[in-house]
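Colleague: The structure is given below, and queries will be raised subsequently.
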Amino acid sequence: MADYHLVELATGSAWDHARGRREQSGWDAHAEFMDALVDDGFVVLGGPTGEDEAGNAVLVVDAADEPEVHRRLGADPWVADGHLRIESVRAWSVWLRGE
């Protein structure tokens, strides 16, 4: 059984609020990093919330514990350079699931 965590990422001090998400500096490196986490099975679902380009993002990740979440996401170029910060990490028990 998977060990899911619900992660909220918020914009950090390096975020340029005059630019859209894909126009932020370092977008390509961030996108490549996140795609690799999906390919690895770590990120199960993810994306920005709301309609605002500067809104938070939510991820569902498959990780053994919270330290693994921080370790893996801390390597994201956008977390490392301050575009994003990890706002919260919560263990998530999935009881309902459609197929």
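Under our numbering, the sequence shown has 55 at position 62, and the numbering climbs by one with no breaks. Ideal Cβ positions, reconstructed from N, Cα and C, are used throughout, including at glycine. What you are looking at is a predicted structure, and each value in this text was computed from that prediction instead of being measured.
(1) How many Å lie between S6 and T42 at the Cα?
(2) Using three-state DSSP, classify R12 as helix, strand or coil.
(3) Below 8 angstroms on the Cβ atoms is my guess for V54 versus V37; work out the distance and round it to an integer in Å.
(4) Quick check on DSSP: helix, strand or coil for R65?
(5) Using beta-carbon positions only, say whether A84 and N49 come within less than 7 angstroms of one another.
(6) Under the rule that 16 or more other beta-carbon atoms within 10 Å means buried, what is A10, buried or exposed?
(7) Would you decide whether D69 is buried or exposed? Buried here means 16 or more other CB atoms lie within 10 Å of its CB.
Modeller: For this structure:
(1) 19 angstroms
(2) coil
(3) 6 angstroms
(4) helix
(5) no
(6) The identity of residue 10 in the sequence shown is His, whereas the question assumes Ala. Classification of H10: exposed, given that the 10 Å Cβ count is below 16.
(7) buried
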